[in-house]
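If you're matching positions, the sequence shown starts at 947 in the working numbering and goes up one per residue. Scroll down for the structure; my scribbles are underneath it.
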Amino acid sequence: MSKMDLKTHYNDLYNRSIEKIGSGNYTTDSLIDVKNDTRLGVTLVIRPSETVNKKIQEFLLEVKQIEPEQYFYPNTDIHITLMSIISCYNGFDLTAIPLKEYLHLIQTSINHIPPFKISFKGITASDSCIIIQGFPESDIINTLRDQLRTNFKNSNLQQSIDKRYTIQTAHSTVARFKTALKDPVQLAKLLESYRDFDFGVFTVNKIEFVCNDWYLKHQKLTKLAEFKLETP
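Structure (structure tokens):
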């Protein structure tokens, strides 16, 4: 997805969602705090820089002042999903997959992929969460995703790539609604004021392969491998 297409996508999502939030027609997630949630999967993720995360937390602090009872991502959990290899489901067993084969296929896909930059500029929202808009500064992320898609779909390894939707963005979900909003109108005003806020640019020079729950909570996450991107 080009930068222009991404901007249109984020704008459309925002315009649809902000009206719902402001009018109280939003959705809450009742599973966030469920302790026996056994949905697990494996994912390739990108982590923003500490500098960018600091600005995100400053923004979330303002959101918390209006909506303290919602779910906010700590720095340890903030991520961009590069590719969901196996989407989370009840009963997933990490020991049942041939991990070495997954690692080999991912490494093959990542070979010759150089580091690339992502700009976090502005926020958007769905009717259930608040999202930082990510804009890759080159087409490298799309090339990497295409190589992963092709290699996994040509293998016999368990995968659910693109089953839920075809991932094309570089966004990061940073807050989720888990209970009724106290002041949806005030929240909508705050979100509007951050529509074009510059959270910063960071260089992606490594990718994490993790076993994770639905929210990528660090308490439930197992880091399986880290792949470095190297300039050819």
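We treat Cβ as the ideally placed atom computed from N, Cα and C, and that holds for glycine.
- When the alpha-carbon of Glu1008 is set against those of Lys1174, Phe1098, Val1120, the nearest one is in Val1120.
- The three-state reading of DSSP puts Ala1126 in coil, since its state is none of H, G, I, E or B.
- Pairing Asp1023 with Pro994, the inter-Cα distance amounts to about 10 Å.
- Looking at the DSSP output, Asp1144 bridges to Lys1067.
- A straight line joining the alpha-carbon of Pro1061 with that of Asn1021 spans about 22 Å.
- Counting along the chain, the unbroken alpha helix (DSSP H) around Thr954 starts and ends at 949-968.
- Residue environment: Val1131 is assigned as exposed (fewer than 16 neighbouring CB atoms within 10 Å of its CB, all protein chains considered).
- Within the same chain, Cβ atoms closer than 7 Å to the Cβ of Gln1104 are found at Ile1032, Ile1043, the five residues on either side in sequence being excluded.
- In the structure shown, Ala1171 adopts extended strand secondary structure according to DSSP, grouped into three states.
- The beta-bridge partner set that DSSP reports for Ile1078 consists of Ile1069, Ser1118.
- Short of 8 Å from the beta carbon of Ile1012, and not among the five residues preceding or following it, lie these beta carbons of its own chain, in chain order: Lys1128, Asp1129, Gln1132, Leu1133, Leu1136.
- Asp1142 sits away from Ser963, with the two beta carbons spaced by 8 Å or more.
- When the alpha-carbon of Ile967 is set against those of Ala1126, Val1150, Ile992, Lys1174, the nearest one is in Ala1126.
- For Arg985, the uninterrupted beta strand (DSSP E) run begins and ends at 985-992, by DSSP.
- Phe1098 carries a helical assignment under DSSP once its states are collapsed to helix, strand and coil.
- Residues of the same chain with a CB within less than 7 Å of the CB of Glu1047, apart from the 5 flanking positions on each side, are Leu1103 in chain order.
- With contact defined as three or more Cβ pairs closer than 8 Å, the region 1150-1165 and the region 982-992 are in contact.
- Between Asp958 and Lys1067 a beta carbon distance of about 16 Å is seen, past the 8 Å cut, so the two are scored as non-contacting.
- Taking the Cα positions, Gly987 is about 6 Å away from Phe1038.
- The region 1086-1095 and the region 1053-1060 touch, with three or more beta-carbon pairs separated by less than 8 Å.
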